[in-house]
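Residue numbers (the numbering used here): 433 to 593.
Remarks on the structure that follows.
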Amino acid sequence: MSKYILVIFLFCSCSVGFKGTSIPAEVKTFTVENVIDNSYNAPSTYPTDFQVALSNKIRRESKLKANDRDPDLTYKVSISNFAVSSQAPVSGAVSAINRLEIVVQVQAIYSKNESLNWSKNFSRFTEFDANTNFSTIENQLTTALNKLLTEDIFIASFSNW
């Protein structure tokens, strides 16, 4: 019996992580500049919400420190699409499903090594019942999409996969 308890204890004690981050040694600080809404459809607070979400993601999951003055890494982000559209139309009726899609353009600028600079679009969407009032779930949906988008940006920034 004690063998089984030991085996269970060992399995419960083990954990595996796949956060294979690779940050150049000279990069110690970062900033996320004010996010620009080029979609003109996003809620007025969304650019700030996204900026905070990205900054928090990097602060929590890397060794980098936030620094607005002379950062080693600067993120320039713009929202190029924030749209709700109808999906899966039902014959003779309105759509049964709506989709919220958010697309952000991101530039990562490394002040100490320009060869590491990159620019990329990131897109995520989620679908919801068309009978649901969007304004009642907007915050929940944008928070979920922000989590996915910031993870994508983090991986693009710091993974050597």
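By construction, the Cβ of each residue, glycine as well, lies at the ideal position given by its N, Cα and C atoms.
For residue i, the three-state DSSP class (helix, strand or coil)
{"i": "SER487", "result": "helix"}
{"i": "VAL448", "result": "Low local confidence applies: a pLDDT of 36 at VAL448 is under 50, so the model's placement there is unreliable, with the coordinate-based value given in what follows. In the structure shown, VAL448 sits in coil (DSSP, three-state: anything other than H, G, I, E or B)."}
{"i": "PRO475", "result": "coil"}
{"i": "THR558", "result": "strand"}
{"i": "ASN564", "result": "First, the amino acid is wrong: residue 564 is Thr here, not Asn. Three-state DSSP puts THR564 in coil, outside helix and strand."}
{"i": "LYS579", "result": "helix"}
{"i": "ILE468", "result": "strand"}
CA-to-CA distance, residue j to residue i, given in whole angstroms
{"i": "LYS497", "j": "SER487", "result": "10 Å"}
{"i": "ILE569", "j": "LYS544", "result": "42 Å"}
{"i": "ILE529", "j": "SER518", "result": "6 Å"}
{"i": "SER567", "j": "SER527", "result": "18 Å"}
Per DSSP, cross-strand counterpart(s) of residue i
{"i": "ASN549", "result": "ASN549 pairs with nothing; no bridge assigned."}
{"i": "THR574", "result": "Answer is none; THR574 lacks a bridge partner."}
- Would the segment 506-517 and the segment 537-549 be scored as touching if the rule is three or more Cβ pairs under 8 Å? yes
- Message: I'd like to know if the segment 552-564 and the segment 461-477 are in contact, where contact means that at least 3 CB-CB pairs between them fall below 8 Å.
- Response: The segment 552-564, when compared against the segment 461-477, does not touch it at the 8 Å Cβ threshold.
- What are the start and end residues of each continuous beta strand (DSSP E) run of 3 or more residues lying completely inside the segment 494-532, in chain order? As summarised for the segment 494-532, the continuous beta strand (DSSP E) elements at least 3 residues long and confined to that stretch are 505-521, given in chain order.
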